[in-house]
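Structure record follows, encoded as structure tokens.
Residue numbers (this note's numbering), protein chains in the order written: chain A, 24 to 260; chain B, 221 to 473.
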């Protein structure tokens, strides 16, 4: 048994794995929001960014493979922990009482499963275009290096997508649940990694919770902003 | 002295394999009684009626032995912060209250009878690493090993753990992390304990896991119910020590 296997097989080590993969996934959540907020700058900013990502070629797949393996490890460890935890108490209390546990901390598995379902839906919606093919299949013509090329009009896809209230509702609910998941997860990972100090911990907890709420609000602003017509210059291309 | 009429819903289970159930009893107590004295009154009634008294563990009745374990209305040791059930007085309740009394619920703590559970897993966690190895012989000079006051205070606050298991009972995952971490941290904070830190962290955490306790979700329900108010800072210490021990140890893994 290697050191890493020994670590991940233990209750503490599995939590460390959750924390480390959680940090990496949080960086993705932050980066993805940065990219998405370009929608407020208008069509060209979004589509240029999308073209830049596509232009990474094989490197894009390296990043995607890394992200996927981190995501899978986070889920596998969550299942391993949940099974251990469930087995540790098979008979519950007739009368239960919650003293200090936050709502967010009590529904981590549920909010996590909802986020997973949302990620799959989101990929099928905007990445693969399976759910709403008509909105997905939009292109624009731009002059690049003196030649006219046709590229995916991501801006148009997002705007047309979120003009449909049903998607706005789904995305807003999903982002509230993601924010709830991060509300506990972000501050909790410091404890798991052993970072605790009477002077700093209260600030760490507050900042982490603020970041969770800010990330959630940032994501929610996009579908809501599109629906209310607050996004960048519509006609410009 | 005000009499209180109470309705108790108590978990009754004849033995480890027997089917248990909540049974309802009525008892007249007064506000000066401790919770255990109220149960004594109930048991006296039951004995006089020829019924089996409620089995519960108790010893010192002054909050230091850690045996009077029961979940009272969903809270290990009842509603009063920083006290064991024996230090909980009936003035915390009022006339006409209905009170649920249940045993610790954890797979690792099988029920022996009624409210009594087997906490032997705690002994095995201690036996795995909760000790220091020192040579016998003449005691060395006091003050030969300097210990900073702050460390001594921290070590003492962790050593205050009475091993009652309220942390396990309160945790939604029945994790014994607070117990294990308190026992680890009180030795970790002292020079005599630190020399065996790595081996201790590995052995105690792996014994904890082998006993079937759950993992910590960082909700801190344990700290909220601990009669000795042990800090979850100990858990952060153990998390760090175990992680680094697994990655650094030179013993073959």
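Even glycine gets a Cβ: it sits at the ideal position worked out from N, Cα and C.
Outcome for residue i when other beta-carbon atoms lying within 10 angstroms are tallied against a minimum of 16
i             : result
residue 115/A : exposed
residue 361/B : exposed
residue 363/B : exposed
residue 443/B : buried
residue 223/A : exposed
residue 133/A : exposed
residue 259/A : With a pLDDT of 42 at residue 259/A, under the threshold of 50, the modelled position of this residue cannot be trusted; read the value that follows with caution. It counts as exposed.
residue 157/A : exposed
residue 453/B : buried
residue 448/B : buried
residue 123/A : exposed
residue 70/A  : buried
residue 384/B : buried
residue 24/A  : exposed
residue 248/B : exposed
residue 30/A  : buried
residue 75/A  : exposed
residue 231/B : buried
residue 280/B : exposed
residue 55/A  : exposed
residue 441/B : buried
residue 341/B : buried
residue 44/A  : buried
Collapsed DSSP secondary structure at residue i in the structure displayed
i             : result
residue 258/A : Only weak support is given to the placement of residue 258/A: the predicted model assigns it a pLDDT of 47, under 50, and the value that follows is read from those uncertain coordinates. Correct three-state label for residue 258/A: coil.
residue 53/A  : helix
residue 29/A  : helix
residue 470/B : coil
residue 292/B : strand
residue 309/B : strand
residue 433/B : coil
residue 101/A : helix
residue 179/B : Residue 179/B lies beyond the range of chain B shown here (221 to 473); nothing can be said about it.
residue 150/A : helix
residue 439/B : coil
residue 139/A : helix
residue 392/B : coil
residue 40/A  : helix
residue 108/A : helix
residue 300/B : coil
residue 428/B : helix
residue 378/B : helix
residue 387/B : helix
residue 418/B : helix
residue 315/B : coil
residue 462/B : helix
residue 474/B : Summary: the structure shown does not reach residue 474/B, with chain B confined to residues 221 through 473, and so no result is reported for it.
residue 281/B : coil
residue 159/A : helix
residue 368/B : coil
residue 125/A : coil
residue 445/B : helix
residue 24/A  : coil
residue 286/B : coil
residue 450/B : coil
residue 373/B : helix
residue 113/A : coil
Residues sharing a beta bridge with residue i, DSSP
i             : result
residue 166/A : 171/A
Per-residue contacts from residue i into chain E (C-beta, under 9 Å)
i             : result
residue 457/B : Among the protein chains in the structure shown, which are A and B, there is no chain E.
Nearest-angstrom beta carbon gap, residue j and residue i [assumed within contact, 8 Å]
i             : j             : result
residue 234/B : residue 333/B : 7 Å
residue 290/B : residue 321/B : 5 Å
residue 467/B : residue 425/B : Rounded, the Cβ-Cβ distance is 13 Å, inconsistent with contact.
residue 191/A : residue 246/A : 4 Å
residue 423/B : residue 112/A : Contact flag wrong, Cβ pair sits at about 24 Å.
residue 345/B : residue 431/B : 7 Å
residue 97/A  : residue 143/A : Incorrect: roughly 15 Å between the Cβ atoms, too far for contact.
Proximity test, residue i beta-carbon vs the ligand ATP heavy atom, cut-off 8 Å
i             : result
residue 275/B : As presented, the structure is devoid of all ligands, the ligand ATP included, so that no description of it is given.
### Task
Taking only runs that begin and end inside the stretch 177-260 of chain A, name each unbroken alpha helix (DSSP H) of 4 or more residues, in chain order.
List check, alpha helix (DSSP H) in window: 177-185, 188-215, 224-250.
### Query
In chain order, which alpha helix (DSSP H) runs of at least 4 residues are fully inside the stretch 318-364 of chain B?
Counting whole runs of 4 or more residues, the stretch 318-364 of chain B contains the alpha helix (DSSP H) stretches 340-349.
### Task
Note down, one range per segment and in chain order, each alpha helix (DSSP H) of at least 4 residues found wholly within the stretch 221-277 of chain B.
255-268, all fully within the stretch 221-277 of chain B.
### Message
Quick check on the DSSP output: what are the complete beta strand (DSSP E) runs of length 3 or more inside the stretch 56-87 of chain A, in order along the chain?
### Response
Counting only runs of 3 or more, we get nothing.
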